[in-house]
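> Please see the structure below; I have some questions.
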Ligand SMILES: Nc1ncnc2c1ncn2[C@@H]1O[C@H](COP(=O)(O)OP(=O)(O)OP(=O)(O)O)[C@@H](O)[C@H]1O
Ligand SMILES: [Mg+2]
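Residue numbers (the working numbering): 5 to 257.
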């Protein structure tokens with residue numbers, strides 16, 4: 005089982021879009037995939053049409069009374085998901101006062117069987133749930149945008165990853181920075197590209213060769229709670245995500 009986490013504490017830079025596309029493509033390629041929505045906003049849960057009421061959610065798995073991850077999995081038409089929960093807002097204060105507070109996600113995933121991949125979507129925050137995800141993950145994917153503020157905050161994310169790599173999860177690696185929502189008509193400025201490559205190398209990683217172009221179909225699919233590949237599998241973003249997954253999984257067995 006391989007666990008990917010999509011993270012960047014900056015908001016609106018395509019974490020949810022990227023994590024859903026990744027999970028969906030891996031599934032379409034014949035793998036078993038579990039999606040975990042670790043963002044209390046619940047955007048991915050909404051797209052998957054997951055239930056929050058009457059079902060154990062990620063909150064129960066992380067903080068409930070002996071609820072196993074396997075008991076919280078919902079099988080939806082868009083794939084298997086452990087749903088988010090607005091209660092996750094309260095998780096930070098609880099996790100920070102718990103001696104095992106950074107290990108709850110990895111403990112939950114340890115007993116999980118039957119999945120080739122787990123894909124975690126995270127909130128725009130450097131919070132305890134994100135740390136839990138990083139402690140549990142094999143690889144981090146960091147979406148970034150090419151606008152003026154797209155690179156803000158990466159230093160503190162890098163620092164958090166660095167600390168976790170030293171202490172709680174030596175096996176954690178950064179798969180790469182992924183440029184998203186890219187308007188292909190404008191040339192990526194040399195300055196931004198250099199900057200991205202520099203940041204990537206300071207995190208011992210690379211900038212993915214693949215860039216995800218902007219497409220109106222992404223917003224349309226999201227508004228209709230459809231997977232991009234069901235709605236517009238040939239739009240530029242969908243094609244780019246296929247290339248991205250090729251690049252990400254290259255050399256994997
Ligand atoms: N390739 C794309 N083309 C066009 N629009 C996109 C693309 N990727 C994402 N978007 C749009 O940008 C917005 C933010 O995307 P998304 O929700 O994936 O970001 P996020 O990083 O998960 O946000 P948050 O930090 O709030 O969780 C959404 O409205 C989404 O439809
Ligand atoms: Mg999101």
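Cβ atoms here follow ideal geometry from the backbone N, Cα and C, with glycine treated the same way.
Return the Cβ separation of residue 48 and residue 125 in integer angstroms, given the expectation that the two are a contact with Cβ distance under 8 Å.
That belief holds up - the Cβ atoms of residue 48 and residue 125 are roughly 5 Å apart, short of 8 Å.
> May I ask you to report which of helix, strand or coil DSSP gives residue 21?
DSSP places residue 21 in helix when its eight states are reduced to three.
> What residue from 76, 73, 221, 122 has the CA that sits closest to residue 30's CA?
Nearest option by C-alpha distance: 122.
> Buried or exposed: where does residue 106 fall if 16 or more other Cβ atoms within 10 Å of its Cβ makes it buried?
With 16 or more other Cβ atoms within 10 Å, it is buried.
> Classify residue 90: buried if its beta carbon has 16 or more other beta carbons within 10 angstroms, exposed otherwise.
It counts as exposed.
> Just tell me which of 180, 151, 131, 218 has its CA closest to the CA of residue 142.
Ranking 180, 151, 131, 218 by Cα distance to residue 142 puts 180 first.
> Going by alpha carbons, who is nearest to residue 110 out of 135, 127, 101, 94?
Closest by alpha carbon: 135.
> Please go through the same chain and pick out, in chain order, the residues whose beta-carbon is closer than 6 Å to the beta-carbon of residue 207, but skip the five residues on each side of it.
Excluding sequence neighbours, residue 207 sits near 162, 178.
> Could you pull out every residue in the same chain whose Cβ sits closer than 7 Å to the Cβ of residue 199, ignoring the five residues on either side in sequence?
For residue 199, where only same-chain residues beyond five positions count, the Cβ hits under 7 Å are 155.
> In angstroms, rounded to a whole number, what distance separates the CA positions of residue 113 and residue 9?
The straight-line gap from Cα to Cα measures roughly 13 Å.
> When the Cα atoms are used, what is the spatial distance from residue 27 to residue 34?
Their backbone Cα atoms lie some 11 Å apart in a straight line.
> Just the Cα atoms here: how many angstroms apart are residue 176 and residue 32?
Approximately 26 Å, taken between the alpha carbons.
> With residue 42 as the anchor, note down where its beta strand (DSSP E) starts and where it stops.
That run of the beta strand (DSSP E) goes 37–42.
> Report, in whole angstroms, the separation of the C-beta atoms of residue 56 and residue 87, which I expect to be a contact under 8 Å.
Right, the Cβ-Cβ distance comes to about 6 Å (below 8 Å), so this counts as a contact.
> Could you tell me which of 159, 170, 39, 63 sits nearest to residue 205, measuring between CA atoms?
Comparing Cα positions, the closest option is 159.
> Compute the minimum distance between the beta carbon of residue 151 and the heavy atoms of ligand 2, and state whether it is under 6 Å.
Result no, Cβ not under 6 Å from ligand 2.
> DSSP on residue 121, reduced to helix/strand/coil?
Residue 121: strand per DSSP, three-state reduction.
> Could you please give me the residues that DSSP links to residue 85 through a beta bridge?
Partner(s): 39, 78.
> Answer yes or no: do residue 145 and residue 182 have a C-beta to C-beta separation smaller than 7 Å?
For residue 145 and residue 182, yes; Cβs fall inside 7 Å.
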